[in-house]
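Right, one structure below, let's go through it.
Number of protein chains: 2
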Amino acid sequence: MDYSQIKAFLAGPLEEVSALLEASLKSDIALLDATNLSLLSQGGKRIRPCLTLLAAGACGGVVADSVRFAAASELIHNATLLHDDVVDGAATRRGKPTVMALLSSPASVLIGDFWLVKAIRCLLEADRYSERAIRLFAKTLSDLAEGEMLQLQKASACDTTREDYIRIIYSKTASLFEASVLSGALSADAPEEWTAALAGYARNLGIAFQIQDDILDYAGGADLGKPVGIDLREQKITLPLLCALDSVPEEAASAVRAKVGRISDEPELAADVQRFVREHDGVDKARAEMGNYIDEAVFCLEELPQTEEKSYLANLARFVGDRTF
Amino acid sequence: MDYSQIKAFLAGPLEEVSALLEASLKSDIALLDATNLSLLSQGGKRIRPCLTLLAAGACGGVVADSVRFAAASELIHNATLLHDDVVDGAATRRGKPTVMALLSSPASVLIGDFWLVKAIRCLLEADRYSERAIRLFAKTLSDLAEGEMLQLQKASACDTTREDYIRIIYSKTASLFEASVLSGALSADAPEEWTAALAGYARNLGIAFQIQDDILDYAGGADLGKPVGIDLREQKITLPLLCALDSVPEEAASAVRAKVGRISDEPELAADVQRFVREHDGVDKARAEMGNYIDEAVFCLEELPQTEEKSYLANLARFVGDRTF
């Protein structure tokens, strides 16, 4: 079983999500409309709508509101990518040129704002629980901004601790995973204990997902169209480096951190730090920790009744470790 | 009477708005918190919260929700300024360095997102009509993004018509003025006809306000800390130029438009276009048109009962023509 099977299982509702995305983003401003259609055609993994739909299915069944919440979750994800591209100065995303590279960084900000507001509109259109859904996603948006700001702050001081790191990646990635499943559970009127189980699942899955992203920044993954070494170039201290730092005496660790702090002035120092991570098995240790989060995610699902959706959620968690999708 | 008298009249509720802004933006991320406090301390005119509070007062009285909606309107305004600074590459705003200049354009995007989501939280906290208020401001946010994208599109083709121009400035400025008064009216349970009158007032006022902004870009206004000639440098065709273009034969107008289209490559051409605007009294003609919008704004208020707030709204409209505040 692979990720395409989950998408096949959800083909019907995912089709509805796609139709809703397209309808929501329609604009009579030609430049905006063309850009939206081009972004939509790039597709992407659609992992967040899948989470919403699987959570709804696991709690009783997908309804029209599940589709609306799934679409909102994908809109918010893409809005944050559009804003992230400005934050990261990214020229490519999913192996394709970004809006920033094609148009300009202003356009990327504005189009991100547009997608964000269309997400709110989707939530407002819900038959029930509009306000609670808006509350869920508003928390995520606040987390996202705080997480990115904490990351900027830590990157300039090079004093990221493990606690900071987990907060940053929870805020950047896991919080939206959590809102995605919670909105699905909400649409299906899930009881409290299933909702809590799904939240635990999503938090652990999201953290594992982001750790894998950070591992790929060291270990590479050309098929993802993602360049390597970006984090370090921006002085971001992620789990592979934290694991390596934990395995040496404090003084040596401080020296490496000081080196990271000089990378923006002396980019050639990045190679030294990468060697340090390799020598102390940073990537393997990070991979092991990621495995723990995945196990925990699957464990959280035990609270849920046995359904096909529950199996897919468990499989989805196991795929995250491989991320060939 | 001047603008400070309106602020004095509203001192109590404006104080509550300020307190709510500060509480809403509180964050334990030091970099974010410090930036928020510094932005708040710059103050600004607070014209949008004044509109919300005056509209509520004119329709029966300011309640706790009026303050929440007023704060949301100020948060959204500042969020869009933060995003605009990235769009415009602005280094100063209100005569002070922008977040972009102090931190980075990424930070400006993220902090803008943070303010935006805090606006949504303020609306969610309302005792009544949360959803309707969110709907009002969501429309504005969508207008804002569409308006800016239309402006980008038109700036590259240099084919802005009067109709485009009015749509752009409605979307950029008047739409939020409209949402500000409408949310105030909503908080006071205003009857339909008062609400419609206030919407008409705000649309006309917002358009006049933006025309005045565009006039200042030609005529200068050093005390506003606003540099001159920015619009033209970005190939934006605004009312003073449109008025001048209307006063010459079509062929001559096309030649000037073509010249505008080359400004990003040959910045020295801007001086030619400025001279053209002067020679054809573009600024005076634009000022006369702005006067019509202000008259119309004041006329819309006739539907409202005679209150102190109504007089302040009328005075506010008349101040816009001078904009020494």
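If you read the protein sequences in the order shown, they are chains A and B.
Mapping of the first sequence onto our numbering: residues 1 to 325, in sequence order.
Mapping of the second sequence onto our numbering: residues 1 to 325, in sequence order.
Don't be surprised by glycine CBs; every beta carbon is placed ideally from N, CA and C.
Q) If you measure beta-carbon to beta-carbon, which residues of the segment 147 to 171 of chain A are closer than 7 Å to chain B? A) Glu148, Met149, Leu150, Leu152 and Gln153
Q) Using a C-beta to C-beta distance shorter than 9 Å, which residues of chain B count as neighbours of glutamate 131 (chain A)? A) The count along the first sequence starts at 1 and reaches residue 131 (chain A) at position 131. The contacting residues are Leu124, Ser130, Glu131 and Ile134.
Q. Which runs of the alpha helix (DSSP H), 4 residues or longer, sit entirely within the segment 55 to 122 of chain B?
A. 64 to 88 and 99 to 102
(Q) Less than 8 Å between the beta carbons of valine 333 (chain B) and cysteine 158 (chain B), yes or no? (A) The shown model of chain B, from 1 to 325, leaves out residue 333 (chain B), and the question about it has no answer.
Q: Determine the chain B residues that contact leucine 198 (chain A) at a beta-carbon separation under 8 Å, and present them in chain order.
A: For the purposes of this step, residue 198 (chain A) is taken as residue 198 along the first sequence, with counting starting at 1. By Cβ distance, chain B contributes nothing, its closest Cβ being about 23 Å from leucine 198 (chain A), past 8 Å.
Q: Under 8 Å Cβ to Cβ from serine 326 (chain A), same chain only, skipping five residues before and after it: list those, please.
A: Coverage of chain A is limited to positions 1 through 325, which leaves residue 326 (chain A) absent and any answer about it impossible.
**Q.** Cutoff 8 Å: alanine 91 (chain A) Cβ touching any chain B Cβ
**A.** For the purposes of this step, residue 91 (chain A) is taken as residue 91 along the first sequence, with counting starting at 1. Under the 8 Å criterion on CB atoms, alanine 91 (chain A) is classed as non-interfacial with respect to chain B.
Q. Between alanine 197 (chain B) and arginine 46 (chain B), what straight-line distance do the alpha-carbon atoms span, to the nearest angstrom?
A. Translated into the one-based positions of the second sequence, residue 197 (chain B) becomes position 197. Translated into the one-based positions of the second sequence, residue 46 (chain B) becomes position 46. Each residue's alpha carbon lies about 22 Å from the other.
Q: Compare the C-beta of serine 18 (chain A) with all C-beta atoms of chain B and state if any pair is closer than 8 Å.
A: The residue labelled residue 18 (chain A) in the question sits at position 18 within the first sequence. Judged by the 8 Å Cβ criterion, serine 18 (chain A) is not in contact with chain B.
(Q) Could you check whether the Cβ of serine 142 (chain A) sits closer than 8 Å to any Cβ belonging to chain B? (A) Reading the first sequence from its first residue, position 142 is the one you call residue 142 (chain A). Answer yes: the Cβ-Cβ gap between serine 142 (chain A) and chain B drops below 8 Å somewhere.
Q | Buried versus exposed, by CB contacts within 10 Å (16 or more), isoleucine 263 (chain A) | A | Numbered from 1 along the first sequence, position 263 holds the residue referred to as residue 263 (chain A). So isoleucine 263 (chain A) ends up on the buried side.
Q: Would you mind telling me which residues of chain B sit closer than 8 Å to phenylalanine 177 (chain A), beta carbon to beta carbon, in chain order?
A: Reading the first sequence from its first residue, position 177 is the one you call residue 177 (chain A). By Cβ distance, chain B contributes nothing, its closest Cβ being about 18 Å from phenylalanine 177 (chain A), past 8 Å.
Q. Cα separation between lysine 7 (chain B) and alanine 56 (chain B)?
A. Within the second sequence, numbered from 1, the residue matching residue 7 (chain B) stands at position 7. Within the second sequence, numbered from 1, the residue matching residue 56 (chain B) stands at position 56. Straight-line Cα distance between these residues: approximately 15 Å.
**Q.** Within 8 Å, strictly: CB atoms of alanine 138 (chain B) and isoleucine 29 (chain A)
**A.** Counted from its first residue, the second sequence places residue 138 (chain B) at position 138. Counted from its first residue, the first sequence places residue 29 (chain A) at position 29. No, the pair does not count as a contact, with Cβ atoms beyond the cut-off.
(Q) Just to confirm before moving on: does the CB-CB distance between leucine 10 (chain B) and leucine 75 (chain B) stay below 8 Å? (A) Counted from its first residue, the second sequence places residue 10 (chain B) at position 10. Counted from its first residue, the second sequence places residue 75 (chain B) at position 75. Going by C-beta atoms, leucine 10 (chain B) is not nearer than 8 Å to leucine 75 (chain B).
Q: Could you work out which residues of chain A lie near arginine 121 (chain B), taking near to mean beta carbons separated by less than 8 Å?
A: Position 121 of the second sequence, counted from the first residue, corresponds to residue 121 (chain B). Simply Ala138 and Ser142.
Q.
Applying the 10 Å Cβ sphere with the 16-neighbour rule, what's the burial state of proline 97 (chain A)?
A. Taking the first sequence and counting its residues from 1, the one referred to as residue 97 (chain A) is at position 97. Looking at its Cβ environment, which holds fewer than 16 other Cβ atoms inside 10 Å, proline 97 (chain A) is exposed.
Q: Out of B:Gly43, B:Gln306 and B:Gln235, state which residue places its alpha-carbon closest to the alpha-carbon of leucine 269 (chain B).
A: Numbered from its first residue, the second sequence carries residue 269 (chain B) at position 269. Looking at the Cα atoms, B:Gln235 is the closest of the given residues.
Q) Out of B:Phe209, B:Ala23 and B:Ile169, which has the shortest C-alpha to C-alpha gap to lysine 118 (chain B)? A) Counting from one through the second sequence, the residue named residue 118 (chain B) turns up at place 118. Nearest C-alpha to lysine 118 (chain B) among B:Phe209, B:Ala23 and B:Ile169: B:Ala23.
Q: Would you mind stating whether leucine 20 (chain A) and valine 67 (chain A) have Cβ atoms separated by less than 8 Å?
A: Here residue 20 (chain A) corresponds to residue number 20 of the first sequence, with the count starting at 1. Here residue 67 (chain A) corresponds to residue number 67 of the first sequence, with the count starting at 1. Yes, they are a contact pair.
Q. Any C-beta of chain A sitting closer than 8 Å to the C-beta of serine 27 (chain B)?
A. By 1-based counting over the second sequence, the position of residue 27 (chain B) is 27. It does: the Cβ of serine 27 (chain B) has a partner Cβ on chain A nearer than 8 Å.
Q. So which residues of chain A does proline 97 (chain B) contact, with C-beta pairs closer than 9 Å?
A. For the purposes of this step, residue 97 (chain B) is taken as residue 97 along the second sequence, with counting starting at 1. The premise fails here: proline 97 (chain B) is roughly 17 Å from chain A at the closest Cβ pair, so nothing lies under 9 Å.
Q. Apart from the five residues on each side of it in sequence, which residues of its chain come closer than 8 Å, Cβ to Cβ, to isoleucine 294 (chain B)?
A. Counted from its first residue, the second sequence places residue 294 (chain B) at position 294. Asn204, Leu205, Ala208, Ala317, Arg318, Val320 and Gly321, listed in sequence order.
Q. Considering only the beta carbon of each residue, do threonine 307 (chain B) and alanine 70 (chain B) sit closer than 8 Å?
A. Walking along the second sequence from the start, residue 307 (chain B) turns up at place 307. Walking along the second sequence from the start, residue 70 (chain B) turns up at place 70. Result no, Cβ atoms of threonine 307 (chain B) and alanine 70 (chain B) do not sit closer than 8 Å.
Q. If you count every other CB in all the chains shown that lies within 10 Å of the CB of leucine 39 (chain A), and 16 or more means buried, which is it?
A. The sequence position of residue 39 (chain A) within the first sequence is 39, counting from 1. Residue environment: leucine 39 (chain A) is assigned as buried (16 or more neighbouring CB atoms within 10 Å of its CB, all protein chains considered).
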